[in-house]
Amino acid sequence: MLSEDDKKILPELTFRAPSFEEPKNDAGFGKEAFGADTRDPYQRDLGRIVHSASFRRLQTKTQVMGTGEGDFHRTRLTHSLEVGQIGRGIVWNLLARRGFGHADTLPSTELIEAICYAHDLGHPPFGHGGERALYKAMYNFGGFEGNAQTIRILSRLEKYYRGNGIAPTRRLLLGVLKYPVAFGEYPAYDLRKPPKCFYDSDLDLVEGVLDVFSLADREEFRRLGSGNKPMHKSLDCSIMELADDIAYGVHDLEDGVGRGILRREEIGEPLERGFQQAGVGKIREVTIPVLLDKLFSSDACERKHAISLLVGFFVVAIDVARKDVFQSQFLDLNARVEPNIRYLLNYLSKDITFKSLVGRREVQTLEFKGEKIIADLFAAFEERPVELMGLKAIDPYGEGFAMDVVNRRKLWRELPPAERDIFARAISDFIAGMTNPYAEKYHRRLFDPGFGSSTDEL
Numbered sequence: 391m392l393s394e395d396d397k398k399i400l401p402e403l404t405f406r407a408p409s410f411e412e413p414k415n416d417a418g419f420g421k422e423a424f425g426a427d428t429r430d431p432y433q434r435d436l437g438r439i440v441h442s443a444s445f446r447r448l449q450t451k452t453q454v455m456g457t458g459e460g461d462f463h464r465t466r467l468t469h470s471l472e473v474g475q476i477g478r479g480i481v482w483n484l485l486a487r488r489g490f491g492h493a494d495t496l497p498s499t500e501l502i503e504a505i506c507y508a509h510d511l512g513h514p515p516f517g518h519g520g521e522r523a524l525y526k527a528m529y530n531f532g533g534f535e536g537n538a539q540t541i542r543i544l545s546r547l548e549k550y551y552r553g554n555g556i557a558p559t560r561r562l563l564l565g566v567l568k569y570p571v572a573f574g575e576y577p578a579y580d581l582r583k584p585p586k587c588f589y590d591s592d593l594d595l596v597e598g599v600l601d602v603f604s605l606a607d608r609e610e611f612r613r614l615g616s617g618n619k620p621m622h623k624s625l626d627c628s629i630m631e632l633a634d635d636i637a638y639g640v641h642d643l644e645d646g647v648g649r650g651i652l653r654r655e656e657i658g659e660p661l662e663r664g665f666q667q668a669g670v671g672k673i674r675e676v677t678i679p680v681l682l683d684k685l686f687s688s689d690a691c692e693r694k695h696a697i698s699l700l701v702g703f704f705v706v707a708i709d710v711a712r713k714d715v716f717q718s719q720f721l722d723l724n725a726r727v728e729p730n731i732r733y734l735l736n737y738l739s740k741d742i743t744f745k746s747l748v749g750r751r752e753v754q755t756l757e758f759k760g761e762k763i764i765a766d767l768f769a770a771f772e773e774r775p776v777e778l779m780g781l782k783a784i785d786p787y788g789e790g791f792a793m794d795v796v797n798r799r800k801l802w803r804e805l806p807p808a809e810r811d812i813f814a815r816a817i818s819d820f821i822a823g824m825t826n827p828y829a830e831k832y833h834r835r836l837f838d839p840g841f842g843s844s845t846d847e848l
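Numbering (our numbering), first residue to last: 391 to 848.
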């Protein structure tokens, strides 16, 4: 049951960024613009994400394997769709469970679907290689991190409301806020890997998201733990993260096996050992040896049955528990699995999928190439941003600082720090929004002699 305080919070979770005020109508269009539209705020969040350009671009962004290698394996888009379906399944399963006492705290299926669809919007082309390249380039200008970029896309960049993204609800942002610590709040940075964060420029936004909670809850929620890692996430975010882990651990395994990259003689014994160490002897009356027979079968139906068994096994293992840290159940409740199930999920995603698939030289060489493409693009745009990107990409809302660079023929690095960081962020936004093919095409246009013409569409 919701506490009296949480009952007061519940309607405020539907309020939209950036003001998070009670709406007179839906974010300023006027009631007549919606007519008989009876959707609730979270259904509108979902619609705005599904119809967004950022969501469409995920179809040609790398998940694990390159987007041009074939049609069977996952892209960021199909991965996000599957995360959404698993997220819905988690909510449905919890609601159907006899004696489940937190139904009034769970997100609606449309809300969890929106959170899951949005969770990877900020990831740049070429996966983690692209993220590393942008982080290194932005190290002195506020950093770059894929989850932080997701917050920025939803609340600022996506074209729906000028400068306010899709005007997301408070609860949608809370659901995608995996790391509630600002870039500048970390005591030290590793140049090789971005800290898990949101951008300093979004601090006011995040404070607005959390403003409905008590001061004690807000301070605890944003606290760094041991090893300088964020400690907390909301209930909705914990459901999304488990759905993401299941999709990553199981479906990337399916991709590798289906394409013949992961073979039984290579990973069959380690897989069986992982189940044994987790204490899992069967799944729905199917023994692990039989499950592996299905997984590595030449019959695609048998392989799909094995994948379905694995996904279902993890979904029904999820429960919701209190941490006894926060006053609000929206923060204190988290989705969880028992330690042995967590071990098995980590084993599939890290010991099997990452080491045997992502870590392969064939994958790593392509990731390295992607990282170099992004680094080259940033260096070129940094040198001549206005000529190579265009004024609209740098200054989409006509704030004037880009024209100041043009008119005075000055370098953007000579701007005052605040404007300089905005300029750098615009370059980063432009590159992060590219798909793999578009980044490759732009790179060839800038660096390959004989490629491109004056009539090309950019």
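The beta carbon of each residue, even a glycine, is placed where N, CA and C say it ideally should be.
Handout entry: Residue burial classification, Leu652 (beta-carbon count within 10 angstroms, cutoff 16)
Key = buried
Handout entry: For Gly669, the nearest candidate out of Asp594, Gln717, Glu728 (CA to CA)
Key = Glu728
Handout entry: Beta-carbon proximity list for Leu485, same chain, < 8 Å, skipping 5 on both sides
Key = Ala493, Leu496
Problem - Bridge-paired residues (DSSP) for Arg726 - result: Asp709
Exercise for the section: Check whether the Cβ atoms of Val481 and Ile636 sit closer than 8 Å, and answer yes or no. Expected result: no
Practice task
Output yes or no for whether 8 Å exceeds the beta carbon distance between Ile784 and Phe813.
Solution key: yes
Practice task
Could you check what DSSP says for Ala572 in three-state terms: helix, strand or coil?
Solution key: strand
Handout entry: Beta-carbon proximity list for Leu766, same chain, < 7 Å, skipping 5 on both sides
Key = A quick correction: the sequence has Asp, not Leu, at residue 766. The answer, listed in chain order, is His833, Phe837.
Exercise for the section: Can you tell me which of Ile678, Glu644, Gly702 puts its alpha carbon nearest to the alpha carbon of Phe344? Expected result: This structure cannot settle anything about residue 344, because the visible part of the chain is limited to 391 through 848.
Exercise for the section: Return the CA-CA distance between Val715 and Asp722, expressed in angstroms with no decimal places. Expected result: 6 Å
Problem - Local conformation of Arg438 per DSSP, three classes - result: helix
Handout entry: Coarse secondary structure for Pro431, derived from DSSP in three states
Key = helix
Practice task
Look up Val676 in the DSSP assignment and say whether it is helix, strand or coil.
Solution key: strand
Exercise for the section: Enumerate in chain order the residues of its own chain whose CB-to-CB distance from Leu700 is below 6 Å, with the five nearest sequence positions on each side excluded. Expected result: Val640
Practice task
Evaluate His441 with the Cβ neighbour count: other Cβ atoms within 10 Å of its Cβ, from every protein chain shown; 16 or more gives buried, anything less gives exposed.
Solution key: exposed
Problem - Distance between Ser470 and Phe531 (C-alpha atoms, nearest Å) - result: 29 Å
Problem - Endpoints, alpha helix (DSSP H) assigned at Trp802 - result: Taken as a continuous stretch (DSSP letters only), Trp802 belongs to no alpha helix (DSSP H), as it is neither H nor E.
Practice task
Please state if the CB of Phe771 and the CB of Ile399 are separated by a distance shorter than 8 Å.
Solution key: no
Practice task
Identify every run of the alpha helix (DSSP H) within the stretch 533–613, keeping only runs that are complete inside it and at least 4 residues long; order them along the chain.
Solution key: 536–542, 560–566, 593–600, 605–611
Practice task
Tell whether a beta-carbon distance below 8 Å holds between Gly555 and Arg546.
Solution key: yes
Practice task
Look at the Cβ atom of Phe445, then the Cβ atom of Thr559, and state whether they are nearer than 8 Å.
Solution key: no
Exercise for the section: Entirely within the stretch 491–526 and at least 4 residues each: give me those alpha helix (DSSP H) ranges in chain order. Expected result: 499–508
Handout entry: Beta-carbon proximity list for Asp607, same chain, < 7 Å, skipping 5 on both sides
Key = Phe716, Gln717, Ser718, Leu721
Practice task
Keeping to the same chain, check which residues put their C-beta closer than 6 Å to that of Phe490; ignore five residues upstream and five downstream.
Solution key: Leu484
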